[in-house]
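These protein sequence lines map, in sequence, to chains A and B. Counting from 2, one number per residue, gives the positions in the first sequence under the numbering used here. Counting from 2, one number per residue, gives the positions in the second sequence under the numbering used here. Input: a single structure, listed below in structure tokens.
There are 2 protein chains.
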Amino acid sequence: MTDAPDDAPGPCAAETTGVAEAADAPCADGAAGARLCPGGEGQVSHAIARVARAHRITAGNLLRRLGLYAGQELLMMRLWEAGPQRQSELIKLLGLDPSTVTRMVQRLEQAGLVTREPCAADRRAVIVATTEAGEALRKEVGQVWQELEERTLAGLGDDDRSELARLLAHLEDNLTGC
Amino acid sequence: MTDAPDDAPGPCAAETTGVAEAADAPCADGAAGARLCPGGEGQVSHAIARVARAHRITAGNLLRRLGLYAGQELLMMRLWEAGPQRQSELIKLLGLDPSTVTRMVQRLEQAGLVTREPCAADRRAVIVATTEAGEALRKEVGQVWQELEERTLAGLGDDDRSELARLLAHLEDNLTGC
DNA sequence: CACAAATCATTGGCCGACCAAGCAATCGGC
DNA sequence: GCCGATTGCTTGGTCGGCCAATGATTTGTG
């Protein structure tokens, strides 16, 4: 029902909104996302969603140059820090779904960054380890994360940064602690 | 090359880490993700990534009960606020890729929440509008977002909240401003 | 020892999100 | 009026994520 008697004062009429609309050519990062309610008011959730997306996109753009996709770097970091380990460890420590890790590891293997060999002691398990090529990325990924960190925190003083860290930790506890 | 001569001191040995590991049955939200470097140090990026994921998962769990997937609610909100509009408007205002919006709208149409009718004045365009069923979700989605907002900000005073809003806005500018 | 229960990993299905290509229609300048 | 940009949307492919179901192993218990 509601055969759309149309109403719509003029849906087609509005062409170019003419607002802002500038983040195109100048930077290759793309993806802006308009701020819905500029009046800071409530809606921290909206802000989180937008920041998260922008952050992920930025990270993705930086990582792409290394041949990685957003998310993969976290797995590699675990491997670099803790050495070869079984997939279930990665799943637990990254807090991801098993299937996500399975496929991510498969792709990383296909990219030549990790190896997957069956564990001798437990024939169910799979041991994941970095290859030479994977190890070689360690430094560059570190730089990328530093770059990302700087870009994210630009213009914030030390007090603001620690405040931010405190608040984020609180949010995380709120959201993961059930 | 690198036939993995290695050895692996004992990767298989480590069974259950025995740490924490509690967020399972008590709450249905799942997905925790271990904190890598507890020492607050740098790594705000890690914190952002974790908070974002937890936030999205929480939102997804709340929205699923309404038959929505995370992300779709933003599109519906635009529709509720601004009424029927062409897809390109949604794309611009949500800051998403055209293909993302196309498929999302298709799925929403398939779910009976929106309609897609060709625009008479511009035969390239498609006008998206909410259906009765879509309109009916408005209140519930509002409640879900409020619930999400509360859950996210639990335990924070007004000053902390405004501080957080300020910092997030700053981060957003940093990351989207190119 | 045998059999049920928990663990490990994989596959299939689905979404959001991206890029790259492509087609249709409109808008421009000439 | 015509032919090249530009805009609007769609499709195909890829990834990160999730859930659900399945098949191997281990482990635990009677």
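Note that CB positions come from ideal geometry on N, CA and C, so glycine has one too.
Residues are counted here when their Cβ sits less than 9 Å from a Cβ of chain B; for the stretch 137–150 of chain A these are Trp-146, Gln-147, Leu-149 and Glu-150, given in chain order. Note that the C-beta distance between Gly-143 (chain B) and Val-115 (chain B) is not below 8 Å.
For Asn-175 (chain A), the C-beta contacts it makes with chain B under 8 Å involve Arg-152, Thr-153, Leu-154, Ala-155 and Gly-156, in order along the chain. By the Cβ criterion, the stretch 151–164 of chain B is in contact with the stretch 157–177 of chain A, since at least three pairs of Cβ atoms, one from each stretch, lie closer than 8 Å. Going by beta carbons, Ala-71 (chain B) and Arg-57 (chain B) fall inside the 8 Å limit. Residue contact check for Ser-100 (chain B) against chain A: no CB pair falls below 8 Å. Taking a 10 Å sphere around the C-beta of Ala-50 (chain B), we find 16 or more other C-beta atoms and assign the residue as buried.
At the C-beta level, Arg-117 (chain B) and Val-129 (chain B) come within 8 Å of one another.
In terms of beta-carbon proximity, Ala-48 (chain B) lines the interface with chain A, with at least one pair separated by less than 8 Å. Measuring C-alpha to C-alpha distances from Leu-157 (chain B) to each of A:Arg-65, A:Gly-158, A:Gln-147 and A:Ala-170 identifies A:Ala-170 as the nearest. Ranked by how close their Cα comes to the Cα of Leu-176 (chain B), the residues A:Ala-55, A:Ser-46 and A:Thr-131 have A:Ala-55 in first place. Arg-124 (chain A) carries a coil assignment under DSSP once its states are collapsed to helix, strand and coil. For Leu-138 (chain B), the closest C-alpha among the options B:Arg-65, B:Asp-174, B:Ser-46 and B:Arg-87 is that of B:Arg-65. With contacts defined by Cβ atoms closer than 8 Å, Cys-120 (chain A) and Arg-87 (chain A) form a contacting pair. With fewer than 16 neighbouring CB atoms inside 10 Å of its own CB, Ser-100 (chain A) falls in the exposed class.
In this structure, the alpha-carbon of Ala-155 (chain B) lies about 20 Å from that of Val-52 (chain A).
CA-to-CA, the gap between Gly-68 (chain A) and Trp-81 (chain A) works out to about 17 Å.
With respect to Leu-95 (chain B), Val-145 (chain B) sits apart: the two C-beta atoms are not nearer than 8 Å. Flagged as an interface residue toward chain A: Leu-172 (chain B), by a C-beta distance shorter than 8 Å.
Relative to Thr-132 (chain B), the option among B:Ala-122, B:Val-106 and B:Asp-123 whose CA is nearest is B:Val-106. Look at the stretch 68–147 of chain B and you find these whole runs of beta strand (DSSP E), each 3 residues long or longer: 115–119 and 127–131.
Minimum Cα-Cα distance from Glu-141 (chain B) among the listed residues B:Met-77, B:Leu-91 and B:Asp-160 corresponds to B:Met-77. Within chain B, Leu-157, Asp-161, Glu-164, Leu-165 and Leu-168 have C-beta atoms less than 8 Å from the C-beta of Leu-168 (chain A), given in sequence order. In the DSSP annotation of this structure, Arg-66 (chain B) is not part of any alpha helix (DSSP H), being labelled neither H nor E. Between Arg-51 (chain A) and chain B, the shortest Cβ-Cβ separation is below 8 Å. Leu-157 (chain A) sits in coil when the DSSP states are folded into three classes, being neither helix nor strand. Not a single C-beta of chain A is nearer than 8 Å to the C-beta of Thr-103 (chain B).
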